[in-house]
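Participant: First the structure, then my questions, so here it is.
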Amino acid sequence: MAEPTSTKPYLLRAVYEWCVDNGYTPYISVVVDARTRVPMEYVRNGEIVLNLGPLAASRLQVGHEFIECTARFSGSAKELLIPVAAVASIYARENGHGMSFEIQKEGTAREASGRETATPPEPGDPPKGGGKPKLRRVK
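Here it is, written out as structure tokens:
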């Protein structure tokens, strides 16, 4: 049986729609990698927070692999391309309600391509990364 598609793009679209329907501003937090096309001058500590509200982003398309849109930065329009796998969270700016996600590392892509892979952790080993995901509100 084929591997099922990821639920992440569906959840992103659902939370986005919930934000817009309730008059909230949808923000996404993105961990920037080599496949992410955003203005690099706005990236801080390898992360960027973007307003995807209807007034801020035009031609928004949330596909299975990428989020595409046009947004303005300092008055000039930029085409954005964000891998769905790099989205750390989506939330409403006004109240912080939303959802956070586990970020898929580059190793996952290497595994799929057959390149060198890291050994998986043994059962019972403590998870790396220090605990549950954190969602922070950026004003």
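Residue numbers (this note's numbering): 63 to 201.
Think of the CB as a built atom: it goes at the ideal place given N, C-alpha and C, for glycine as much as any other residue.
Keep in mind that this is a model prediction, so the values were computed, not measured.
With DSSP as the reference, label L117 as helix, strand or coil.
Facilitator: Locating residue 117 in the sequence shown gives position 55, where the first residue counts as 1. Of the three classes helix, strand and coil, the one that applies to L117 here is coil, per DSSP.
Participant: Pick from S162, M161, R97: whose alpha carbon is nearest that of F128?
Facilitator: If you number the sequence shown from 1, residue 128 lands on position 66. Checked all of S162, M161, R97; the closest Cα to F128 is R97.
Participant: On the three-state DSSP scale, how would you describe A64?
Facilitator: Residue numbering aside, residue 64 sits at position 2 when the sequence shown is read from its first letter. Note: A64 maps to coil in three-state DSSP.
Participant: Indicate the three-state DSSP secondary structure (helix, strand or coil) for V124 in the structure shown.
Facilitator: Within the sequence shown, numbered from 1, the residue matching residue 124 stands at position 62. DSSP places V124 in strand when its eight states are reduced to three.
Participant: Given a threshold of 16 other Cβ atoms within 10 Å of its Cβ, counted over all protein chains shown, does P101 qualify as buried or as exposed?
Facilitator: Here residue 101 refers to the residue found at position 39 when the sequence shown is read from its first residue. Looking at its Cβ environment, which holds fewer than 16 other Cβ atoms inside 10 Å, P101 is exposed.
Participant: Roughly how far, in whole angstroms, is the beta-carbon of V77 from the beta-carbon of I152, given that I think they are within contact range, below 8 Å?
Facilitator: As a first step, residue 77 must be located in the sequence shown, where it is residue number 15. As a first step, residue 152 must be located in the sequence shown, where it is residue number 90. That pair is a contact at about 5 Å.
Participant: Name the two residues that bound the continuous alpha helix (DSSP H) containing Y72.
Facilitator: As a working note, residue 72 is residue 10 in the sequence shown. It spans 70-83 - the alpha helix (DSSP H) in which Y72 sits, taken as one unbroken run.
Participant: Going straight from the alpha carbon of G125 to that of C131, what length do you get?
Facilitator: Counted from its first residue, the sequence shown places residue 125 at position 63. Counted from its first residue, the sequence shown places residue 131 at position 69. Approximately 11 Å, taken between the alpha carbons.
Participant: I need the boundaries of the beta strand (DSSP E) containing E141, first residue and last residue.
Facilitator: Mapped onto the sequence shown, residue 141 falls at position 79. Start and end: 138-145.
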